[in-house]
Amino acid sequence: MYLPTLEIVKGNTDGVQAKFYNSGHTVYVYIREEADLRPYLIGGPLKTKYIFEQMHFHWGSEDFWGSEHFIDGESFAVEIHAVHFNSKYNTFENASTQPDGLTVLTIFAEAINTDNDLLKPLCDLLPNVTKANTLVKLLVKDALQWIGSALDKNQLYYCYPGSLTTEPYSENVVFILLPEAITMSHNQLSEFRRIRSKSDQAVKENKRQLQPLHKRPIVRATGMRVIGGSRS
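The sequence shown finishes on residue 232 if you use full-length UniProt numbering, and the numbering steps up by one all the way, no holes.
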């Protein structure tokens, strides 16, 4: 199936701060600047512009079993969701109730012995957000700099119509999966498991179990480009 080039547009976030927040279930990176300044996606399976809203992380209790999607039967240590909303609805809240409201750029990570230096700005802040509902700030460029390495690794992607993997599980999401994983160290991954829930329990695992495909069509596509700078 032919799809147009998927464009990843970096936006205009120089000097802008992101919020790094522990919800009690996962950790989020939010950008609260005006929507027209944020990164966005267009093309590929997307007919309109989808604007970055937040990014969050899923992991498991074991380093080899933390993703919500499998690629060729393989699980990954971490699954990262960059959630975007359809610009024609103006806000995430409006878009989240619409059938074409959301898309999730999905990136996987595998655990190795060596730290990923590009992830250090985030991972080094995890001890500062251990308690539920705590928040710190960092520059957007530091929070998202590692995404370029994920794009460099991937010359193709998979996409399919799916649902949110947390409540309310609404079926209004286009998933775009980058199958080639980035890396993080076992030590960096262990910091995620130290965050605390609202009941002050360690969040050892927050992934949803693998779900049946239910005949959803999966498209394998090539053609991605980054606008607003190099991939790295």
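Note that the Cβ used here is the ideal one computed from N, Cα and C, for glycine as well.
C-beta atoms of residue i and residue j nearer than 8 Å
i, j, result
"residue 173", "residue 119", "no"
"residue 228", "residue 9", "yes"
"residue 196", "residue 137", "no"
"residue 191", "residue 139", "no"
"residue 185", "residue 115", "yes"
Residue i burial status per 10 Å Cβ neighbour count (16 or more: buried)
i, result
"residue 48", "exposed"
"residue 210", "exposed"
"residue 38", "buried"
"residue 146", "buried"
"residue 45", "buried"
"residue 86", "buried"
"residue 165", "buried"
"residue 62", "exposed"
"residue 201", "exposed"
"residue 68", "buried"
"residue 214", "exposed"
"residue 91", "exposed"
Beta-carbon contacts of residue i that lie in its chain and below 6 Å, excluding the five residues immediately before and after
i, result
"residue 28", "21, 54 and 56"
"residue 180", "153 and 154"
"residue 82", "55 and 105"
"residue 4", "43"
"residue 223", "5"
"residue 176", "105, 157 and 159"
"residue 141", "none"
"residue 12", "37"
"residue 133", "none"
Cutoff 7 Å; reference residue i; Cβ partners in own chain excluding five residues on either side
i, result
"residue 161", "174 and 216"
"residue 150", "107, 178 and 182"
"residue 60", "66, 205 and 207"
"residue 188", "115, 116, 119 and 123"
"residue 70", "210"
"residue 298", "Absent from the structure is residue 298, since the part of the chain shown begins at 1 and ends at 232."
Presumed contact (8 Å Cβ cut-off) between residue i and residue j, rounded CB distance
i, j, result
"residue 77", "residue 33", "Incorrect: roughly 31 Å between the Cβ atoms, too far for contact."
"residue 226", "residue 159", "Not confirmed; about 18 Å, so no contact."
"residue 7", "residue 41", "7 Å"
"residue 122", "residue 143", "6 Å"
"residue 51", "residue 84", "6 Å"
beta-carbon residue i near the ligand SAM non-hydrogen atom, thresh 7 Å
i, result
"residue 165", "As presented, the structure is devoid of all ligands, the ligand SAM included, so that no description of it is given."
Same chain, Cβ closer than 8 Å to residue i, five either side skipped, listed in chain order
i, result
"residue 169", "163"
"residue 80", "55, 56, 57, 58, 106, 107, 108 and 109"
"residue 25", "166, 197, 203 and 206"
"residue 135", "19, 20, 21, 22 and 129"
"residue 1", "219 and 221"
"residue 112", "183, 184, 185 and 186"
"residue 98", "86, 89 and 172"
"residue 194", "126, 127, 130 and 202"
Chain B within 8 Å of residue i, Cβ atoms only
i, result
"residue 180", "Chain labels in this structure do not include chain B; a single protein chain is all it has."
Per DSSP, cross-strand counterpart(s) of residue i
i, result
"residue 79", "58 and 108"
"residue 137", "19"
"residue 84", "52 and 103"
"residue 162", "173"
"residue 9", "40 and 227"
"residue 26", "Paired residues: none, contrary to the question."
"residue 74", "71"
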